[in-house]
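In my numbering, the protein residues as written are 1 to 65. Glycine included, each C-beta is placed from N, C-alpha and C at the ideal position. Keep in mind that this is a model prediction, so the values were computed, not measured. Heads up, the thing below is written out as C-alpha cells.
Rendered as C-alpha cells:
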C-alpha cells in the first residue's frame, strides 16, 4: 500500500499535507503510511481507496511481477 498511496497522491498532484487535510489526519501520518512506518485504520483505508477511485484490492495489495 505504501507505494500505491504515494503514486496515487502524486498522480493527483497532491502534497502529503493536502491529502492529510482531506482525511483530517496529520501530514506526519501520511508520511508514515507512505514509508511503511504506520498503517491506517480500516476506515481510513476504505475512504482513501474510494477517494482515489480504486478497489481495496488494488489499493492494499502489492502486485507481484
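With a cut-off of 8 Å on the beta carbons, I'd call residue 4 and residue 59 a contact; round off their distance for me. Within the chain shown, residue 4 is the residue found at index 4, counting from 1. Within the chain shown, residue 59 is the residue found at index 59, counting from 1. 6 Å between Cβ atoms; contact.
Alpha-carbon spacing of residue 30 relative to residue 37, whole angstroms: Residue numbering aside, residue 30 sits at position 30 when the chain shown is read from its first letter. Residue numbering aside, residue 37 sits at position 37 when the chain shown is read from its first letter. Approximately 10 Å between the Cα atoms of the pair.
Between residue 2 and residue 23, how many whole angstroms is the CB-CB distance? I'm expecting something under 8 Å. What you label residue 2 is simply residue 2 of the chain shown in a count that begins at 1. What you label residue 23 is simply residue 23 of the chain shown in a count that begins at 1. The Cβ separation is near 16 Å, so there is no contact.
Pick helix, strand or coil for residue 50, following the three-state DSSP scheme. As a first step, residue 50 is located in the chain shown; it is residue number 50 there, counting from the start. Correct three-state label for residue 50: helix.
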